[in-house]
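Using this note's numbering, you'd call the opening residue of the sequence shown number 1 and step up by one each time. Glycine included, each C-beta is placed from N, C-alpha and C at the ideal position. The structure displayed is predicted, hence computed values, not measured ones.
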Amino acid sequence: MPRCILFLFALIAAPAFAQPFAPDAGKAPPSPEMPPAQVLAQFHHDEINLLALRADAHSLLAAALMAQTDANDPARPKPLQTPALLARAQKATDADALVWWVSAALECRGKVTSCPREETLAQLEKADPSNAAVWLWVLHRGQQTGVKATTRAALTSAAQAARFDDYFGSLAAVLYQAAGILPVEENILRASNQPGVSPAGFKLTSAASVAIALPHPYLDALNAACKDAATDAGLAQDCVAVAQKLADSGSLFARGFGLRLLLQLIPDGAAHDVAAARLRTLAWRMQHIGELGARLADDSRVTGTYMQALSASGRESDAVDAVLHAQGVALEPPADWQPVVAESPAQP
């Protein structure tokens, strides 16, 4: 299953957003003679520059994430690069859990042997201690540093937390709003290489290309922590509790991950059947929202339905359900429907 429906948008947007910005893109205003890549680079530089003038944490956070694409551009002033913008977001008076969540993820990019930083985790725990996802970051760091007591305690804290929230929907909404700091005019749409995309759809693809890039190694950490659950009743109990929280979350990727983990952890029976049925329903909704992907990008009304629900709740699942309902798609699959399973490649 893809990371989420926004993964589809990122694929649509790949020609526009996959390549780094040209080093000299910010030296001249856009013109009809500019190649499409340079037009987009100038546009996004202007977005970052305008967002950087603001003082609120979310605008600075969006600018920091958007600036990642030109991290190696020597022409970009250091105050307009990701580290400086992120530091300003962290110091803003309205810095919240989302800021520290993104900070943790950025610290874990690439081959890092000990992340997130302890200071970041402390801020995240302070901002949202009832979130199981926060404790999975602690679990991840504990596994990296080899402190078994920390990893076990973190898993228990995650199991006892009230909910799981990976902030994916909230981040996508913040990025979408930030992408509206400049009007998306026709020359930008043409340069994006997304035939038929609306201005709202362009903003959504732009937000998607940034949001899905954040790493989530804490899920691998959860898998590793639960590998011996079959022989440890206490461990199994905590793992099931955490998996259930993922399965109930608003992130489609986390929901699928949690349901699959539940199917591995719980024996055959009523609870196992419920998890399997929920996974089937999730597959149904993912299939149909995928089929509506082009309309989400091209039809501003459909994009508006998606973003209104996402902004209201911060839950990706609510946004998907709202679009499906508006398009007349049932939220539950027919009794005889089964998801298509991709065939595995033949083994030599």
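If residue i and residue j are in contact, beta carbons under 8 Å, what's the gap, nearest whole angstrom?
i	j	result
L171	L98	6 Å
A179	S206	5 Å
A319	A326	That belief does not hold up - the Cβ atoms of A319 and A326 are roughly 11 Å apart, past 8 Å.
T82	S103	Not a contact, Cβ separation roughly 11 Å.
V242	L222	6 Å
Whole angstroms is fine: what's the gap from residue i's alpha carbon to residue j's?
i	j	result
D96	H58	9 Å
V138	G314	23 Å
W337	A330	12 Å
A236	L265	7 Å
V197	L252	24 Å
T303	A200	7 Å
G256	A75	42 Å
T231	G110	33 Å
L261	F168	20 Å
D238	V274	19 Å
D268	A277	13 Å
A55	Q144	35 Å
D166	H45	28 Å
P35	L296	27 Å
S300	L51	24 Å
E118	H140	12 Å
W101	K91	14 Å
L53	T69	19 Å
E186	S311	26 Å
L279	A271	12 Å
K126	G328	43 Å
L367	A283	Residue 367 lies beyond the range of the chain shown here (1 to 348); nothing can be said about it.
Would you mind stating whether residue i and residue j have Cβ atoms separated by less than 8 Å?
i	j	result
A105	L214	yes
F164	L259	no
A225	L155	yes
R88	L60	yes
A162	S130	yes
Y306	A294	no
G234	E316	no
A191	L40	yes
L86	Y218	no
T281	P333	yes
F132	A158	Residue 132 is actually Ala in this sequence, not Phe. Yes; because the gap between Cβ atoms is below 8 Å, this pair is in contact.
How about residue i: is its Cβ closer than 7 Å to a heavy atom in the ligand MN?
i	result
D299	Absence of the ligand MN from the depicted structure is noted, as is the absence of any ligand whatsoever, leaving it without description.
In the DSSP output, which residue or residues are listed as bridge partners for residue i?
i	result
N187	Beta-bridge pairing links N187 to no other residue.
N131	R163
Leaving out five residues on either side along the sequence, give the residues of the same chain with a beta carbon under 6 Å from the beta carbon of residue i.
i	result
P77	none
A84	K78
F43	I188
V340	none
T150	G142
Quick one: residues in its chain with C-beta nearer than 7 Å to the C-beta of residue i, no 5 flanking neighbours on either side, listed in chain order?
i	result
D128	A97 and V134
K203	Y176, A179, G180 and V184
I48	A63, M66, A67 and L80
A71	Q81 and T82
I289	I5, V320, V323 and L324
Beta-carbon within less than 8 Å of residue i's beta-carbon, same chain only, minus the 5 sequence neighbours each way: which residues are those?
i	result
K148	G142
E107	C115, P116, R117 and T120
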